[in-house]
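Under my numbering, the first residue of the sequence shown carries the number 11, and numbering increases by one thereafter.
Glycine included, each C-beta is placed from N, C-alpha and C at the ideal position.
Report on one structure; see the data block that follows.
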Amino acid sequence: MRLAVASDHGGFILKGEIIRFLQNNNIECKDFGTYSEESVDYPDFALAVAEAVAAGEFQLGIVCCGTGIGVSISANKVPGVRAALCHDTFSARMAREHNDANVLTLGQRVVGAGLALDIVKSFLEGGFDSGGRHSRRIAKMGGIEKKYCRK
């Protein structure tokens with residue numbers, strides 16, 4: 011599994027914890043920045059991860075900011091991305107199983123590092139429960155995307 015990881019300045023420390031966790035568990039990841047706590051614009055980093063995931067270069071992405079909200083909204087603007095802001099392990103697992111989420115967003119000011127790593131673990135262990143109602147709903151999300159996204 012290959013993961014794309016990024017943050018803005020507000021999620022920089024948490025991103026570092028996540029990257030160490032991934033490396034310690036032999037999970038390949040690429041850091042798309044930022045590389046310091048100097049103020050930056052979160053949409054730039056959410057976009058980098060979202061585009062890499064949507065292009066199929068990475069199976070999943072993780073993006074952190076102060077709350078996780080801004081990067082979630084930004085990532086979800088990219089067609090093919092289903093970014094889920096999660097504050098607990100149950101939501102992370104359900105985001106993968108029911109919604110086929112391919113980007114996890116987290117807020118450094120909202121969840122501590124310990125919980126965040128548990129959330130990441132749940133997200134990575136989850137897999138899409140394809141077929142039936144979940145696939146039908148994902149297809150409907152894709153239909154909405156096609157209706158409003160012009161390329």
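Terminal residues of the alpha helix (DSSP H) in which residue i lies
i: residue 73; result: Counting along the chain, residue 73 falls outside any alpha helix (DSSP H), though it belongs to the beta strand (DSSP E) covering 70-75.
i: residue 126; result: 123-135
i: residue 27; result: 22-34
Beta-carbon proximity check, residue i vs residue j, cutoff 9 Å
i: residue 138; j: residue 154; result: no
i: residue 127; j: residue 27; result: yes
i: residue 59; j: residue 111; result: no
i: residue 87; j: residue 57; result: yes
i: residue 23; j: residue 123; result: yes
Counterpart residues of residue i in DSSP-defined beta bridges
i: residue 95; result: 115
i: residue 145; result: In DSSP, residue 145 forms no bridge with anything.
Residue i versus residue j: straight-line alpha-carbon distance, rounded
i: residue 47; j: residue 142; result: 44 Å
i: residue 159; j: residue 83; result: 15 Å
i: residue 115; j: residue 75; result: 8 Å
Nearest residue (CA-CA) to residue i, options the options
i: residue 80; options: 156, 53, 21, 94; result: 53
i: residue 140; options: 42, 105, 100; result: 105
Host beta strand (DSSP E) of residue i (start-end)
i: residue 38; result: 38-41
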